[in-house]
Amino acid sequence: MEWKLLRVEDYVLRKTIEKLLEEKLRDISKAEKSIMTSIAVEDYKNYLKVELDLLGVEDADYYIYQELKSRLERPEFFKKELEEWLEAWLLKWRQRVKVVFKDEQEFKMKKKIDAETLDLWANLEIRKELQDLVIGSLIRSGEYCLTNTIAESIIRGELFKYYKYVGDKRKLSELIEKNPVMLLRDVLRMVKIVSKNKGYLISIKLDDKIFSEHKKDKRRKFFLR
Numbered sequence: 012m013e014w015k016l017l018r019v020e021d022y023v024l025r026k027t028i029e030k031l032l033e034e035k036l037r038d039i040s041k042a043e044k045s046i047m048t049s050i051a052v053e054d055y056k057n058y059l060k061v062e063l064d065l066l067g068v069e070d071a072d073y074y075i076y077q078e079l080k081s082r083l084e085r086p087e088f089f090k091k092e093l094e095e096w097l098e099a100w101l102l103k104w105r106q107r108v109k110v111v112f113k114d115e116q117e118f119k120m121k122k123k124i125d126a127e128t129l130d131l132w133a134n135l136e137i138r139k140e141l142q143d144l145v146i147g148s149l150i151r152s153g154e155y156c157l158t159n160t161i162a163e164s165i166i167r168g169e170l171f172k173y174y175k176y177v178g179d180k181r182k183l184s185e186l187i188e189k190n191p192v193m194l195l196r197d198v199l200r201m202v203k204i205v206s207k208n209k210g211y212l213i214s215i216k217l218d219d220k221i222f223s224e225h226k227k228d229k230r231r232k233f234f235l236r
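In this note's numbering, the protein residues as written are 12 to 236.
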């Protein structure tokens with residue numbers, strides 16, 4: 012068994028979010044809570060990076076932990092501020108996330124995009140900088156939920172479009188290297204389109220066995236819509 016050490020700030024942040032989710036979603040299962048908490052923790056850190064203007068800063072994670080440490084010294088203020096953020100996050104979760112228990116059409120397309128862009132994504136020199144810019148743009152547009160996933164999906168989606176047009180990955184890599192502003196412009200344009208779209212953006216596939224504790228309640232929904 013592999014053990015992973017957690018920083019105190021991570022532990023407290025996670026436990027606080029778990030507690031708030033229990034208070035707001037009375038019938039939340041352990042599986043739901045675990046998934047939502049893990050995503051919310053990363054989204055909250057991204058939110059802080061935008062709030063503190065740390066996106067693109069080399070030691071951003073260090074400064075985030077320093078900020079969390081400072082906020083944890085005022086627990087009542089921290090919980091209140093986090094609760095307000097979580098309310099906005101939950102609204103986006105309900106709006107943007109669909110949980111399914113079998114492969115649907117969007118999964119087939121995602122697998123195709125991931126396969127076709129695997130090398131392009133792995134070798135993209137400006138990947139980190141581009142992700143930060145897209146995450147920042149998403150959050151400033153009110154998209155607080157699944158920011159890492161949506162940002163990667165937008166960028167890889169544009170790479171896929173480019174590849175279908177160019178037809179040669181080496182040539183495409185050279186083109187992007189010479190003209191990174193082209194990719195930046197197109198991904199930021201997609202952020203605007205995504206922000207205007209009010210429907211689902213992300214589907215999460217789960218094994219329904221992990222929700223066996225709720226199988227007796229056939230009326231139960233994962234989302235409170």
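Heads up, the beta-carbon is just placed ideally off N, CA and C, and yes, glycines get one too. This structure is a prediction, so every number in the text was calculated from the model and none was measured.
- Message: Considering Cα atoms alone, identify which of Lys123, Trp104 and Leu135 is closest to Asn190.
- Response: Leu135
- Task: With DSSP collapsed to three states, give me the class of Lys109.
- Result: Reduced to three states, the DSSP call for Lys109 is strand.
- Query: According to the Cβ coordinates, are Tyr174 and Glu140 closer than 8 Å?
  - Reply: no
- Given Gly67, which residues of its chain have a CB within under 7 Å of its CB, disregarding the five upstream and five downstream residues? Glu140 and Asp143
- Task: Starting from the C-beta of Tyr74, find all residues in its chain whose C-beta is less than 6 Å away, skip the five residues before and the five after it, and write them out in chain order.
- Result: Leu65
- Task: Check the C-beta distance from Leu36 over to Thr48 and give it rounded, since I have them as a contact under 8 Å.
- Result: In fact, because the Cβ distance is near 11 Å, the residues do not count as touching under 8 Å.
- Message: If I follow the unbroken alpha helix (DSSP H) through Gly210, where does it start and stop?
- Response: Note, Gly210: premise wrong, no alpha helix (DSSP H); not H, not E.
- Glu78 and Leu93 look like a contact to me (Cβ under 8 Å); what is the Cβ gap, rounded to whole Å? Their Cβ separation, rounded to whole angstroms, is 12 Å, which puts Glu78 and Leu93 out of contact at 8 Å.
- How big is the Cα-Cα spacing for Gly147 and Tyr176? 28 Å
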